[in-house]
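Asks: In my numbering, the protein residues as written are 31 to 201.
Note that the Cβ used here is the ideal one computed from N, Cα and C, for glycine as well.
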């Protein structure tokens, strides 16, 4: 498969994952001013070494503090998986006809969902709950990395979101 097609598949799959993460945080947390995403980091060749791909969501509170989701939370013993393949995206591949196969791990009903044919996150793929994100944000607040951030049905409607589908290939 040519690299350009693989890059486009990864960019689209991760765009949908980023939309899912950002929408969940924006709709379920107050005190968030901005959410932005790192480039998509891809390592491994998928043949002899397992391919890994992930993004790092970064959330900002209304006081100018920022914290990343996933990885180690400083000043705690908590470590969270990165968002990407194996944690957020359960399938990112091509079928025998070269069509995209994109499945997100979770959806509104709690099951994995096929989003292969969507340009943007469909309503049925929005998260209704996500214990992983909730626990990670709680740890960041408790460790004083974020201030004034709390779970709320009101959400943070004025949150600025910056998606990022740049790909950075590792070795």
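#1: Please say whether residue 71 and residue 185 have beta carbons closer to each other than 9 Å?
#2: Closest by CA to residue 135, which one among 145, 129, 79, 126?
#3: Entirely within the segment 138 to 175 and at least 3 residues each: give me those beta strand (DSSP E) ranges in chain order.
#4: According to DSSP, is residue 83 helix, strand or coil?
#5: Would you say residue 92 and residue 33 are within 9 Å of each other, going by their C-beta atoms?
#6: For the putative contact between residue 66 and residue 194, defined by C-beta atoms under 8 Å, what is the C-beta separation to the nearest angstrom?
Replies: Let's see:
#1: no
#2: 145
#3: none
#4: strand
#5: no
#6: 7 Å
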